[in-house]
Amino acid sequence: MSTVCGIELSGSEAHIVTLRGSKLNHTIVAPDMKKLVLSATESQADIRSFRATFCSFLSETKIDRAGIVKRTSKGSFAAGGLSFKLEALIQSCDITVVLAHPRTLEKTILAKPPARSIDELAPHKYLANAYKMAYHLLDD
19 MSTVCGIELS GSEAHIVTLR GSKLNHTIVA PDMKKLVLSA TESQADIRSF
69 RATFCSFLSE TKIDRAGIVK RTSKGSFAAG GLSFKLEALI QSCDITVVLA
119 HPRTLEKTIL AKPPARSIDE LAPHKYLANA YKMAYHLLDD
């Protein structure tokens, strides 16, 4: 039974959903950890604190692997540089971190749909993409 963490980065926030189990039978772990915010983006102390908090969460929750929803890096809808800084901080934790495109997540859900809709399963609407990422990482 694996424990996985789905992450969507938006601005200075990491939206987090942690699931344990399989695609057929899973539960939300650590429901209180929904979002982690990097408050002062130019403060080295705050950046180190964000990394320490996130890495500690992954370790304490015994996460097997984590996944980050890919963001566009070019064009008019490109993600800001800050989200890529957060991605690097998360990837520097001692855990396997994968990236997956939103279309890949949708294909996983179409191929192996959950028992209920993601809207029903995700604790909050803003966590839907993080939930999809976590679901994608679960074993069949």
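Under this note's numbering, read the sequence shown as residues 19 to 158, first letter to last.
Virtual Cβ for every residue (Gly too), placed ideally from N, Cα, C.
Could you name the residues of the same chain whose beta carbon sits closer than 8 angstroms to that of Val116, not counting the 5 residues immediately before and after it, in chain order? Here the question's residue 116 lines up with position 98 in the sequence shown. Around Val116: Arg83, Ala84, Gly85, Ile86 and Leu155.
Under a three-way DSSP split, which group does Asp157 fall into? Walking along the sequence shown from the start, residue 157 turns up at place 139. Asp157: strand per DSSP, three-state reduction.
Please state the DSSP three-state secondary structure of Cys73. Taking the first residue of the sequence shown as 1, we reach residue 73 at position 55. Correct three-state label for Cys73: helix.
Option nearest Asp157 by Cα separation, candidates Val35, Leu42 and Cys111: Translated into the one-based positions of the sequence shown, residue 157 becomes position 139. Closest option to Asp157, Cα to Cα, is Leu42.
Relative to the alpha-carbon of Val22, which residue among Gly29, Ala48, Ser28 and Glu60 has its alpha-carbon at the smallest distance? As a position in the sequence shown, residue 22 is number 4, starting the count at 1. Of Gly29, Ala48, Ser28 and Glu60, the residue nearest in Cα terms is Ala48.
Short Cβ contact (7 angstroms threshold) for Ile81 with Ile113: Translated into the one-based positions of the sequence shown, residue 81 becomes position 63. Translated into the one-based positions of the sequence shown, residue 113 becomes position 95. Yes, these two residues count as a Cβ contact at 7 angstroms.
Starting from Ala106, follow the beta strand (DSSP E) in both directions and report where the run begins and ends. Counted from its first residue, the sequence shown places residue 106 at position 88. Counting along the chain, Ala106 falls outside any beta strand (DSSP E), though it belongs to the alpha helix (DSSP H) covering Gly99 to Gln109.
Nearest CA to the CA of Phe75: which residue from Gln62, Thr59 and Lys52? Mapped onto the sequence shown, residue 75 falls at position 57. Closest option to Phe75, Cα to Cα, is Lys52.
On the CB-based measure, 16 or more other CB atoms within 10 Å of its CB, does Phe68 come out buried or exposed? Counted from its first residue, the sequence shown places residue 68 at position 50. Buried, since its Cβ has 16 or more Cβ neighbours within 10 Å.
Residue range of the unbroken alpha helix (DSSP H) whose run includes Arg121: Within the sequence shown, residue 121 is the residue found at index 103, counting from 1. Here the alpha helix (DSSP H) through Arg121 covers Pro120 to Ala129.
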